[in-house]
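Remarks on the structure that follows.
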Amino acid sequence: MSWMDPMKYFVVFMLVPLTLDSNAFGAERPLPVPGMRPSVPEEEHRQRVEGPDRTITWRRWQEMPRGDFRVRTGDRYLGHDKWQHYLVFEESRACMKRIRFSLIHLASEPVADVETAPGSRYAIVRITNGVMTARKGLWSWTAQEVATEPWLSAWSVAKQI
274 MSWMDPMKYF
284 VVFMLVPLTL
294 DSNAFGAERP
304 LPVPGMRPSV
314 PEEEHRQRVE
324 GPDRTITWRR
334 WQEMPRGDFR
344 VRTGDRYLGH
354 DKWQHYLVFE
364 ESRACMKRIR
374 FSLIHLASEP
384 VADVETAPGS
394 RYAIVRITNG
404 VMTARKGLWS
414 WTAQEVATEP
424 WLSAWSVAKQ
434 I
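For what it's worth, this note's numbering labels the leading residue of the sequence shown as 274, then goes sequentially.
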């Protein structure tokens, strides 16, 4: 027995999978004929079209008038007429304040209050519903500086998506 005998078995072992049919590995459908579009079962097609979307469609950042923070909105389709709507607050790097966002609503649906601070510059809120589709509804909130001083500055904003 020479040292090449094990190599023969190794080569045969590597070539066997190439000769097997694709159905041998559990393929549910045969491979399409070259040049023809593969047929997709109706249920699978429906899931592709109406199924959930794993990506969030973000709109561009919008700077707020005072420059302390900016806002961004996004939407994601979950399937079965349900949507997730996102609102993101980003505090400016130059801002050294804590800002509380309260009375947050998308149309008539409320969201819990959130805060941003120099060490935690982002706040994200999410609403899941089946009423509003992408780019529909009016986000509104109140932004208030959280300070130890007796005076507080507050401002309200409503944005049409």
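Virtual Cβ for every residue (Gly too), placed ideally from N, Cα, C.
Spatial distance of L376 from Q417 (CA atoms): Translated into the one-based positions of the sequence shown, residue 376 becomes position 103. Translated into the one-based positions of the sequence shown, residue 417 becomes position 144. Annotation: L376 to Q417 spans about 11 Å, alpha carbon to alpha carbon.
Nonlocal neighbours in the same chain, by C-beta distance under 7 Å from R373, ignoring five residues either side: Mapped onto the sequence shown, residue 373 falls at position 100. Excluding sequence positions up to five before and after R373, its CB lies within less than 7 Å of the CB of D386, E388, Q417 and V419, all in the same chain and listed in chain order.
Close beta carbons around D354, own chain, < 8 Å, minus the five adjacent residues each side: The sequence position of residue 354 within the sequence shown is 81, counting from 1. In its chain, beyond the 5 residues on either side, G403 have a beta carbon closer than 8 Å to the beta carbon of D354.
Cβ neighbours of T401 in the same chain (closer than 6 Å, five flanking residues each side left out): As a position in the sequence shown, residue 401 is number 128, starting the count at 1. Hits under 6 Å: Q357.
Contact check, L360 vs V398, beta carbons under 9 Å: Here the question's residue 360 lines up with position 87 in the sequence shown. Here the question's residue 398 lines up with position 125 in the sequence shown. In contact: L360 and V398 (Cβ atoms closer than 9 Å).
H501 - partner residues in DSSP beta bridges: The shown model of the chain, from 274 to 434, leaves out residue 501, and the question about it has no answer.
Reference W412, options P383, G392 and P391, closest by Cα: By one-based count along the sequence shown, residue 412 stands at place 139. Checking every option, the nearest Cα to that of W412 belongs to P383.
Distance CB(M369)-CB(P391) smaller than 9 Å: Taking the first residue of the sequence shown as position 1, residue 369 is located at position 96. Taking the first residue of the sequence shown as position 1, residue 391 is located at position 118. A distance below 9 Å separates the beta carbons of M369 and P391.
Beta-carbon proximity check, R349 vs R327, cutoff 9 Å: Counted from its first residue, the sequence shown places residue 349 at position 76. Counted from its first residue, the sequence shown places residue 327 at position 54. At the C-beta level, R349 and R327 come within 9 Å of one another.
Whole-Å CB distance - I329 paired with G340, under 8 Å assumed: For the purposes of this step, residue 329 is identified with residue 56 of the sequence shown, where counting begins at 1. For the purposes of this step, residue 340 is identified with residue 67 of the sequence shown, where counting begins at 1. Rounded, the Cβ-Cβ distance is 26 Å, inconsistent with contact.
For I329, the three-state DSSP class (helix, strand or coil): Mapped onto the sequence shown, residue 329 falls at position 56. Correct three-state label for I329: coil.
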